[in-house]
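Working notes, beginning with the structure itself.
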Amino acid sequence: MYNDITPIHEHKKYWAECFGTAPFLPTSRKEMDALGWDSCDIIIVTGDAYVDHPSFGMAIIGRLLESQGFRVGIIAQPDWNTKDAFMALGKPNLFFGITAGNMDSMINRYTADRKLRHDDAYTPNNEGGKRPDRATLVYSQRCREAYKGVPVVLGGIEASLRRLAHYDYWSDKVRRSVLFDAKADILLFGNAERALIELAHRLSDGEDISTLTNIRGTAVNLAQAPEGFNVIDSSRIEKPRKEAFIPPNPYAVEEQCDTNADKKAETKVAAQPITIRPSRHDAQTSAVRLPPFEKLNNDRILYAHASRVMHLETNPYSGRALIQRHGDRELWINQPPIPLTTEEMDFVFGLPFARVPHPMYGKAKIPAYDMIKTSVNIMRGCFGGCSFCSITEHEGRIIQNRSQESILSELEEIRDKVPGFTGTISDLGGPTANMYRLGCSDPKAEANCRRPSCVFPGICNKLNTDHKHTIDLYRAARQVKGVKKVMIASGVRYDLAIESPEYVRTPEAIITFFT
Numbered sequence: 099m100y101n102d103i104t105p106i107h108e109h110k111k112y113w114a115e116c117f118g119t120a121p122f123l124p125t126s127r128k129e130m131d132a133l134g135w136d137s138c139d140i141i142i143v144t145g146d147a148y149v150d151h152p153s154f155g156m157a158i159i160g161r162l163l164e165s166q167g168f169r170v171g172i173i174a175q176p177d178w179n180t181k182d183a184f185m186a187l188g189k190p191n192l193f194f195g196i197t198a199g200n201m202d203s204m205i206n207r208y209t210a211d212r213k214l215r216h217d218d219a220y221t222p223n224n225e226g227g228k229r230p231d232r233a234t235l236v237y238s239q240r241c242r243e244a245y246k247g248v249p250v251v252l253g254g255i256e257a258s259l260r261r262l263a264h265y266d267y268w269s270d271k272v273r274r275s276v277l278f279d280a281k282a283d284i285l286l287f288g289n290a291e292r293a294l295i296e297l298a299h300r301l302s303d304g305e306d307i308s309t310l311t312n313i314r315g316t317a318v319n320l321a322q323a324p325e326g327f328n329v330i331d332s333s334r335i336e337k338p339r340k341e342a343f344i345p346p347n348p349y350a351v352e353e354q355c356d357t358n359a360d361k362k363a364e365t366k367v368a369a370q371p372i373t374i375r376p377s378r379h380d381a382q383t384s385a386v387r388l389p390p391f392e393k394l395n396n397d398r399i400l401y402a403h404a405s406r407v408m409h410l411e412t413n414p415y416s417g418r419a420l421i422q423r424h425g426d427r428e429l430w431i432n433q434p435p436i437p438l439t440t441e442e443m444d445f446v447f448g449l450p451f452a453r454v455p456h457p458m459y460g461k462a463k464i465p466a467y468d469m470i471k472t473s474v475n476i477m478r479g480c481f482g483g484c485s486f487c488s489i490t491e492h493e494g495r496i497i498q499n500r501s502q503e504s505i506l507s508e509l510e511e512i513r514d515k516v517p518g519f520t521g522t523i524s525d526l527g528g529p530t531a532n533m534y535r536l537g538c539s540d541p542k543a544e545a546n547c548r549r550p551s552c553v554f555p556g557i558c559n560k561l562n563t564d565h566k567h568t569i570d571l572y573r574a575a576r577q578v579k580g581v582k583k584v585m586i587a588s589g590v591r592y593d594l595a596i597e598s599p600e601y602v603r604t605p606e607a608i609i610t611f612f613t
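Going from the sequence shown to my numbering is simple: count from 1 and add 98.
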């Protein structure tokens, strides 16, 4: 399926590949000079401290772009009160990439009671106040001030979850898509490796940012929706209709009065199952129009309807583009990105991460790094579809797995690179630890499924729940030289675990050894 897509590690490299791999992506002009760079092709602005580790978004994106041959700089937690901090690395040749960080900046800065937090786990010494409210908006505006005309690209979880008109808890109202408020050129949602690589290469080939409207996993601000699409109107809720009253036929022959009733009963044909074939629109050429922003602000039911439609269109193989009117402009959300293959996942997690914070922080402690420095992410995505969780909306419900070889290789890297490693792996997991290598057993059904969850209200009969690969991984992890103990700190779904009894009964059982 989708065999025509170029794997992310097989794109032709940009000319700047000749500069090689940086020990750390540069954060200052001095570091750029040491690398022999006269400029950056791409500058990533982030609300987190720069930690060169695959659990930090700026590191994964930066190293991925570097692998494509681009010169990537990092501006981490800049002073947002002036544009000067955003000019520290000079003008980027291609674009600014903006991310609020690994968390939504409002959640990072405020408690559920809307009280200001005084700490920040993603900042050296756990210091609060190093990022602004709605960091995506503020950083975008400062980048525009610093260098007019340079494309601004939004990414990260804050932008991803606010790509449509959305309810904002902090202001208790529905806000516009963050793309409009940030006045950015394009928004990338999800993990976005595929979209980012395509975007960077097309810009480097001379295409204008305004023409890049058809990249999967992106949202753009248009004057009008693209032509050639069959638009399905879902901008209103159709109310139930009353059944038309059909009076009985006075001339109908009652069965008990029919003299041929016995004969008809003898020749009655056996009942046949009814096959319903709903008309389906080609996902590649269809788009669904959502209720406009202006109507959602005062209609909770319509807002719920828009949210439901959005969730039903998240299958990357059958999901359609979405359109939402904002004033006199159209928000165009392209189809979801195609999940990464195991080979591509191995490539991403095999990039040359230093696995430690940037040296500019000295001996300062970064709590978020301390928590994950000996953990390993074995997969992405979750098919739980829980209403309180954003993972499915951000990463999708199709599990993207790493190979066992890639995971074991990372364990060895942790052993060799992480200062003070004592032999304990703090987590071998992901969004849900025991969804590794699980998924739909019927590719055709998976490509057309619109169920928000594969496990609610009951486990789908097409879901493969065999935990064999997970058990084999646990066994192999315990055999890595220098690894004394492996913990599972990610969530474990017990409804899936009991479907594979050996997962909790074998000597490598999670209950016995891994908690």
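Positions of the beta carbon are idealized from the N, C-alpha and C atoms, including for glycine.
For H109, which option in S488, H299, N559 has the closest C-alpha, if you only look at C-alpha atoms?
The shortest C-alpha to C-alpha distance from H109 to any of S488, H299, N559 is the one to H299.
Could you please give me the residues that DSSP links to E225 through a beta bridge?
D217
On the three-state DSSP scale, how would you describe W113?
helix
Cβ-Cβ separation, S137 to G188 (assumed contact under 8 Å), whole Å:
6 Å
Return the chain-ordered ranges of every beta strand (DSSP E) run that is complete within the segment 281-340 and spans a minimum of 3 residues.
284-286, 316-320, 328-331
By the three-class DSSP mapping on this structure, what secondary structure does A385 have?
strand
Would you check if there are 3 or more beta carbon pairs closer than 8 Å linking the segment 269-286 to the segment 246-260?
yes
Reduced DSSP secondary structure (H/G/I, E/B, other) of V351
Because V351 carries a pLDDT of 48, less than 50, the predicted location of this residue cannot be relied on, and the following value inherits that uncertainty. Here V351 sits in coil by DSSP.
Which residue marks the beginning of the beta strand (DSSP E) containing S473, and which one marks its end?
473-475
Rounding to the nearest angstrom, what Cα-Cα distance links N546 and E428 in this structure?
27 Å
Between which two residues does the beta strand (DSSP E) holding K393 run?
Taken as a continuous stretch (DSSP letters only), K393 belongs to no beta strand (DSSP E), being part of the alpha helix (DSSP H) at 391-394.
With a 10 Å radius around its C-beta and 16 neighbouring C-beta atoms as the bar for buried, classify Y572 as buried or exposed.
buried
Taking the alpha carbon of A321 as the point to measure from, which residue in L394, C241, W430, L410 has its own alpha carbon closest?
W430
Residue from L294, G425, P230, L162 whose Cα sits closest to the Cα of L214
P230
Simplified DSSP state of G155, which is helix, strand or coil
Reduced to three states, the DSSP call for G155 is helix.
Would you identify the three-state DSSP class for V602, choosing helix, strand or coil?
Looking at V602 - three-state DSSP - the assignment turns out to be helix.
Going straight from the alpha carbon of N206 to that of A174, what length do you get?
16 Å
If we ignore side chains and look at the alpha-carbon of each, how far apart do C487 and R478 end up?
14 Å
Short check: CB of R292 to CB of R314, under 9 Å?
yes
As a quick exercise: from V318, V236, I330, pick the residue whose alpha carbon is nearest that of S275.
V318
On the DSSP letters alone, give me the boundaries of the beta strand (DSSP E) that H107 sits inside.
Per DSSP, H107 belongs to no beta strand (DSSP E) and is neither H nor E.
Could you tell me whether the segment 393-411 touches the segment 451-462, using the rule of 3 or more Cβ pairs below 8 Å?
no
Where does H565 sit, in a helix, a strand or coil, going by DSSP?
Here DSSP, grouped into helix, strand and coil, assigns H565 to coil.
Report the three-state DSSP secondary structure of C487 (helix, strand or coil).
coil
State the Cα-Cα distance for the pair N200 and D380, rounded to the nearest angstrom.
35 Å
If distances are taken between C-alpha atoms only, which option among P105, L561, L526, L394 comes closest to M469?
The option with the nearest alpha carbon to M469 is L526.
Taking the beta carbon of P541 as the centre, do at least 16 other beta carbons fall within 10 Å, making it buried, or is it exposed?
exposed
Within 9 Å, strictly: CB atoms of T221 and D146
yes
At the level of alpha carbons, what is the spacing between I569 and N532?
9 Å
Excluding sequence positions up to five away, which residues of its chain have a Cβ less than 8 Å from the Cβ of T383?
G326, F327, N328
Alpha helix (DSSP H) runs wholly inside the segment 413-464, at least 4 long, in chain order:
When DSSP assignments are scanned along the segment 413-464, the uninterrupted stretches of alpha helix (DSSP H) that are 4 or more residues long and fall wholly within it turn out to be 440-447.
Unbroken alpha helix (DSSP H) run spanning K128, endpoints:
127-133
At least one CB of chain C closer than 9 Å to the CB of N413: is that the case?
No chain C is present in this structure, which holds just one protein chain.
Give every residue of the same chain whose Cβ lies closer than 8 Å to the Cβ of K271, excluding the five residues on either side of it in the sequence, and list them in chain order.
Y265, N395
Per-residue burial, P124 [other beta carbons within 10 Å of its own, 16 or more giving buried]
buried
Look at the alpha carbon of V351 and the alpha carbon of C558, and state the distance between them as a whole number of angstroms.
Bear in mind that a pLDDT of 48 at V351, under 50, signals an unreliable position, so the number given afterwards is only what the model happens to contain. Approximately 47 Å between the Cα atoms of the pair.
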